[in-house]
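Participant: Terminal number for the sequence shown in my numbering: 224, no gaps in between.
One structure, as structure tokens, below. Some questions next.
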Amino acid sequence: MNQESSLLTVAHDKRDVSWENNFFNLLTASHVNILSADPQIGPDNWPYLMAEWNEKSDKTMEPDKEETQKVIQWLSDKGIGLVINPMKEYPDYVFTYGMIWSFKETGFFYRTDTVSSTESLPSDGTTQFYYGPPSQQYLPDYVRKVLREFFRDQGLMNVKLLMLSSDNKEFDLAFSLESLGNPPKEEHEGIAEAISWFLPPHYPILLIGEKNLPTFIDL
Numbered sequence: 006m007n008q009e010s011s012l013l014t015v016a017h018d019k020r021d022v023s024w025e026n027n028f029f030n031l032l033t034a035s036h037v038n039i040l041s042a043d044p045q046i047g048p049d050n051w052p053y054l055m056a057e058w059n060e061k062s063d064k065t066m067e068p069d070k071e072e073t074q075k076v077i078q079w080l081s082d083k084g085i086g087l088v089i090n091p092m093k094e095y096p097d098y099v100f101t102y103g104m105i106w107s108f109k110e111t112g113f114f115y116r117t118d119t120v121s122s123t124e125s126l127p128s129d130g131t132t133q134f135y136y137g138p139p140s141q142q143y144l145p146d147y148v149r150k151v152l153r154e155f156f157r158d159q160g161l162m163n164v165k166l167l168m169l170s171s172d173n174k175e176f177d178l179a180f181s182l183e184s185l186g187n188p189p190k191e192e193h194e195g196i197a198e199a200i201s202w203f204l205p206p207h208y209p210i211l212l213i214g215e216k217n218l219p220t221f222i223d224l
């Protein structure tokens with residue numbers, strides 16, 4: 006039994022961090038079979054490309070077989086996630102769009118260590134915050150475009166954000182509540198959860214009012 010096959014036979018409740026790392030390494034170094042040319046809407050209402058991957062993926066000659074890394078590059082520009090082996094009762098893995106572009110930019114689908122948003126965030130000396138725009142690597146232009154399109158579909162035409170930190174070490178990606186239409190507090194969790202699909206899992210998201218804070222910038 007080869008490594009790919011043995012990985013996929015591990016029960017879902019036994020798939021730990023070591024399993025996940027092995028899965029990521031093997032998947033991104035091989036090919037997948039695209040099951041449908043068009044993205045499908047998943048149970049979470051987000052768009053996903055459906056792909057098959059197993060021990061035969063690099064040995065067969067299916068016309069829809071593609072290098073995984075090329076697929077990731079394509080998905081990054083489209084705002085689409087990826088589901089591996091959706092034909093199973095439980096897919097082997099579901100990658101959000103945020104995980105997809107995180108891999109393109111950094112080689113990691115997500116990080117467990119602290120990631121800097123920019124080289125330095127200044128403080129104006131009058132607030133407890135360090136602040137500034139997210140760096141190009143932290144939030145690339147093509148990701149901003151995807152996010153803008155999502156917000157415009159919700160009728161939000163000018164969403165604003167800012168990187169905020171109290172210690173210049175750990176950062177929140179803060180979205181202006183005013184630019185989000187001042188939604189009621191009970192909706193904040195759902196809004197943050199929706200935004201998080203577009204961002205790497207390790208990005209802290211904050212919804213906050215602009216009062217007494219530095220000027221927010223356009224997304």
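Even glycine gets a Cβ: it sits at the ideal position worked out from N, Cα and C.
For clarity, every value in this text was computed on a predicted model and none was experimentally measured.
1. Quick one: what's N38 bridged to in DSSP?
2. Is the number of C-beta pairs between the segment 74 to 86 and the segment 44 to 56 that are closer than 8 Å three or more?
3. What is the rounded straight-line gap between the Cα of F155 and the Cα of S11?
4. Would you say L212 and L182 are within 8 Å of each other, going by their C-beta atoms?
5. Go to I105, then tell me how far its beta strand (DSSP E) extends in each direction, as first and last residue.
6. From this set, A179, W202, W58, L185, which residue's C-alpha is nearest L218's C-alpha?
7. Name the residue from E94, N38, D43 whose alpha carbon lies nearest to the alpha carbon of Q74.
8. What did DSSP end up calling K19 once you bin it into helix, strand or coil?
9. Locate the alpha helix (DSSP H) running through G160, then write down its first and last residues.
10. Pairing CB atoms from the segment 20 to 32 with CB atoms from the segment 169 to 176, are three or more of them under 8 Å?
11. Within 10 Å of its beta-carbon, does M168 have 16 or more other beta-carbons around it, so buried, or fewer, so exposed?
12. Please report the Cβ distance between V164 and F203, rounded to the nearest whole angstrom; I am assuming they are in contact, meaning their Cβ atoms lie under 8 Å.
13. Can you round the beta-carbon distance between A16 and L40 to whole angstroms, since I take them to be within the 8 Å contact cut?
14. Cutting at 7 Å between CB atoms, please list the residues of its own chain near D223, excluding the five before and the five after it.
Facilitator: So, from the data block:
1. E57, K70
2. yes
3. 39 Å
4. yes
5. Segment 102 to 111 is the alpha helix (DSSP H) holding I105; no beta strand (DSSP E) there.
6. A179
7. N38
8. helix
9. It is not in any alpha helix (DSSP H) - G160 carries neither H nor E in the DSSP assignment.
10. no
11. buried
12. No, V164 and F203 are not in contact; Cβ-Cβ is about 12 Å, not under 8 Å.
13. Between L40 and A16 the Cβ distance is about 24 Å, and since that is not below 8 Å, they are no contact.
14. N163, K165
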